[in-house]
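Going letter by letter, the sequence shown gives residues -16 to 299 in the working numbering.
Beta carbons are placed, not taken as given, at the ideal position from N, Cα and C, and that holds for glycine.
Report on the structure given below.
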Amino acid sequence: MTRTKEITMTPETARPFIDIHAPVAAALAAGKPVVALESTIITHGMPYPDNSAMAANVEKIISDEGAVPATIAVINGRIKIGLSDGERESLAMTGGAMKLSRADIAYAVAEGRTGGTTVAATMIAAHLAGIKVFATGGIGGVHKGAEKSFDISADLDELARTPVIVVSAGAKAILDIEKTLEVLETRGVPVVAFGSDIVPAFWSRKSPYAAPLRLDAPEKIARLHATRGALGLDGGLLVANPVPESDEIPADKMAGYIEAAQKAAEAQNISGKAVTPFLLAKILELTNGASLKTNIALVENNARLAAKVAIALAKA
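Shown next, in the form of structure tokens:
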């Protein structure tokens, strides 16, 4: 009986499908710090032109900190590790882009489609390119009511299998944060609150939940990641970085907006991948734009920290 040889995706096997932007390729070859950025925040997270301005500014923040930004997306079937200004602007204006995770990134490549990469898909692409640090807004997780819907983001399994540091403002507050933390603990994913004993809740600095771990310096985050690798521990590391106090919307205030948005989603039978974009858009409406301002602030804050972590890793 002939066995089918199992093929493991590597940078070599993936190379025909990947385009690495020249500045990113040069930085990786020279061992310089690089920070990956996702693109669903561009295609699904914010309206145009806010998404375009945000994406450009976040890249500038990373550059100003001394690292090289690499926004990741799939454009016309090509996995892009870093975008030109024109590609980024075009993506921001694209209607009907796919929302890509582990399950469908290969489909988008095979069919020549365009899509924004979620946390999971960005981690996959970043790892293939050799990028160790990734900045995002908030991760996906366990949706409220998941005991009935089984709606759990693939981001959690990706964090358990792909060795990339993900700097976020915690899980999106529209999720069941308590169950998300439980799943991450079960999967063996370290959750590190940066400079806080409390897990942040995306738009808010505090949730009701104590941080599993705390670190107060980028160098310590880099050392933890390196130590996990040396010990042969699989998977990534989730850094939960609280939004600056001046930009937050307090959790008690956000709770009412989130509840109203979830009721609207239930009334319209919104499900699957459409849930998060719907809820974010509804909350944007209910907060009269305040949630977008906070969203942009937390992404920028995460980009700064991610750049510092990448620099610490490069020096190690």
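In the DSSP assignment, Lys203 falls within the unbroken alpha helix (DSSP H) covering 201 to 213. The three-state secondary structure of Asp2, taken from DSSP, is strand. Around the beta carbon of Tyr240, 16 or more other beta carbons lie within 10 angstroms, which makes this residue buried. Taking a contact to require three or more Cβ pairs closer than 8 angstroms, the segment 165 to 185 and the segment 217 to 229 qualify as touching. Taken through DSSP and simplified to helix, strand or coil, Phe185 comes out as coil.
In this chain, the beta strand (DSSP E) harbouring Val17 covers 17 to 20.
Sequence-distant Cβ neighbours of Pro201 in its own chain, meaning closer than 7 angstroms and more than five residues away, are Leu288, Lys291, Val292, Ala295.
Going by beta carbons, Val57 and Pro6 fall outside the 9 angstroms limit. DSSP, reduced to helix, strand and coil, places Phe261 within a helical segment of the structure shown. DSSP places Lys63 in the strand class (E or B) of the three-state scheme. Secondary structure of Ala86 (DSSP, three-state): coil. Boundaries of the beta strand (DSSP E) around Arg197: 196 to 198.
For Ala108, same chain residues with a beta-carbon under 7 angstroms away, outside a window of 5 residues either side, are Ile55, Ile62, Ile64, Thr100 in chain order. The distance from the Cβ of Phe261 to that of Ala248 is about 5 angstroms, consistent with a contact at the 8 angstroms cut-off.
Taking 8 angstroms as the upper bound for CB-CB distance, Ile122 and Ser187 are not in contact here, some 15 angstroms apart. The C-beta distance from Thr97 to Ala112 rounds to 19 angstroms, too long to fall under 8 angstroms, and the pair is not in contact.
Relative to Leu139, the option among Gly78, Ala286, Gly171 whose CA is nearest is Gly171.
The Cβ atoms of Val174 and Leu196 lie closer than 9 angstroms to each other. Judged by DSSP in its simplified three-state form, Met81 adopts strand. Ala93 is the residue among Glu141, Thr119, Ala93 whose C-alpha sits nearest the C-alpha of Ala(-3).
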